[in-house]
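Asker: First the structure, then my questions, so here it is.
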């Protein structure tokens, strides 16, 4: 097996149809639940796929028989392993709230909202990392730094969350107005008098 970084971790197995030279890394998923990396001609694990994600590599996962795109499914498996294997990122309450949006008229809006917020947070994290270049931040030093910055971070996150809340309230008001225009349409609450 070859890891996502290209290091050898076991024997290689050639497969017909591997796509060398392809700019998008293609992984094939077999019925036996094994993942095959067509770039390295070897079987890999979810841990290897996680390394690819962390490394910013572009890839897609395809069913070996049907060619169906399984990328989201594999990413969700990685998230599930992370959530059950250590310190979860999502609280039970936040997971319940996300589930409640499935099938709701706001589902698409919520997806875009979460994606935009994640991108904003990632951009801020990148700017901070750029500004702190040259400083050797170990996990312990990072924890100490964040503890010392707690009031600053709380104010920053509080402001960020307040802006997000205001945006969501505006969207809800617009949806309420749409409900008045389209009474009885599922997912659009009627405008309150």
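Residue numbers (the numbering used here): 829 to 1021.
All residues carry an ideal CB built from backbone N, CA and C; glycine is no exception.
Here the structure is a predicted model, which is why all the values come from computation and not from measurement.
Select from 853, 884, 925 and 938 the residue whose C-alpha is nearest the C-alpha of residue 999.
Answerer: 938
Asker: So, at 8 Å on beta carbons, what are the nonlocal neighbours of residue 995 in its own chain, with the 5 sequence-adjacent residues on each side left out?
Answerer: 941
Asker: The beta strand (DSSP E) with residue 915 in it runs from where to where?
Answerer: Per DSSP, residue 915 lies in no beta strand (DSSP E) segment and is marked neither H nor E.
Asker: State the Cα-Cα distance for the pair residue 886 and residue 961, rounded to the nearest angstrom.
Answerer: Each residue's alpha carbon lies about 26 Å from the other.
Asker: Is residue 912 buried or exposed, if buried means 16 or more other CB atoms sit within 10 Å of its CB?
Answerer: exposed
Asker: Looking only at its chain, what residues have a beta carbon closer than 6 Å to the beta carbon of residue 1001, apart from the 5 residues adjacent to it on each side?
Answerer: none
Asker: For a quick check, are the C-beta atoms of residue 906 and residue 878 less than 8 Å apart?
Answerer: Yes; because the gap between Cβ atoms is below 8 Å, this pair is in contact.
Asker: What is the DSSP secondary structure of residue 956, reduced to helix, strand or coil?
Answerer: Helix at residue 956.
Asker: Can you check which of these residues, 922, 882 and 860, is closest to residue 903 by C-alpha distance?
Answerer: Proximity to residue 903 across 922, 882 and 860 peaks at 882, based on C-alpha coordinates.
Asker: Do you know how far the Cα of residue 923 is from the Cα of residue 929?
Answerer: 10 Å
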